[in-house]
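Each position in the sequence shown, counted from 1, maps to that position plus 406 in our numbering.
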Amino acid sequence: MNNLKQLEEIWQSQKAVSGNDEQRLGVTIELMADKLLAFEKKQKRITLFKVIAISIILSIFSWQLFTFSDLSLIVVVGLGWIVFCTILFIVLYWKQRSQLENMNIAASSTDFIETALCKMKQQIHFFRIYFPFFVLALVAGVNLLYYEMLNGQDLKTRLIFHLSVSITLIIMIPIGLKIRGYKFKKDNQPLIDELESIMHEFRES
407 MNNLKQLEEI WQSQKAVSGN DEQRLGVTIE LMADKLLAFE KKQKRITLFK
457 VIAISIILSI FSWQLFTFSD LSLIVVVGLG WIVFCTILFI VLYWKQRSQL
507 ENMNIAASST DFIETALCKM KQQIHFFRIY FPFFVLALVA GVNLLYYEML
557 NGQDLKTRLI FHLSVSITLI IMIPIGLKIR GYKFKKDNQP LIDELESIMH
607 EFRES
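So, in structure tokens, the structure goes:
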């Protein structure tokens, strides 16, 4: 990302501190900028892989459904809802994961660090808020699909199937949040700790 590389020059030209402290913090900030650059590139690769995988799975699922000769309006609506919610979540997720490159590089060092900290912390908050809604939307869409596809089955069989599918998907919420929380602590938290340490040094200088 060119923004972070340009930021190094801006940080070096600022006179927030003096003497040896300025030189030491300048080196620290350059290293931090490199880490942010590597972090963003890694995030984009992982996100792109997820988008491709989800797109393939969704395409196969849609193709299989459309092979049914008796495809009804309810099935089409259910599938359309699933596709819409998935695309919306992917777009929001991609946008949220790419926030670092949209930061104002002309801001002061402290402002930039504060913004970087805020945007990195927002990643876990985004997932905690939107992921449960996304899963619940999938539950609604899948139940619409199978409501029609199970037409003709007895009520007990239909209820067991709908409950099983719904419970299985809902269980994904705590599991997904736990996995994302672990990844956040592993990938984001070390950078957040370093940014907070740099900010502390700036404020004490």
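By construction, the Cβ of each residue, glycine as well, lies at the ideal position given by its N, Cα and C atoms.
Every value quoted in this text rests on a predicted model; they were computed, and no experiment measured them.
Nearest residue (CA-CA) to residue i, options the options
i	options	result
residue 483	596, 605, 555, 594	555
residue 444	593, 578, 463	593
residue 446	568, 587, 462, 503	503
residue 440	551, 472, 597	597
residue 470	551, 577, 591, 607	551
residue 587	568, 553, 569, 531	531
residue 568	525, 578, 581, 549	549
residue 468	452, 456, 494, 486	486
residue 540	527, 495, 448	495
Range covered by the alpha helix (DSSP H) that runs through residue i
i	result
residue 502	479–503
residue 563	561–589
Proximity below 8 Å, CB of residue i to CB of residue j
i	j	result
residue 545	residue 575	yes
residue 601	residue 523	yes
Worksheet entry | Cβ contact check for the stretch 548–562 and the stretch 493–503: 3 or more pairs under 8 Å | no
Item to complete: Count the C-beta pairs between the stretch 529–542 and the stretch 464–478 that are closer than 8 Å, then say yes if the count reaches three, no if not.
Response: no
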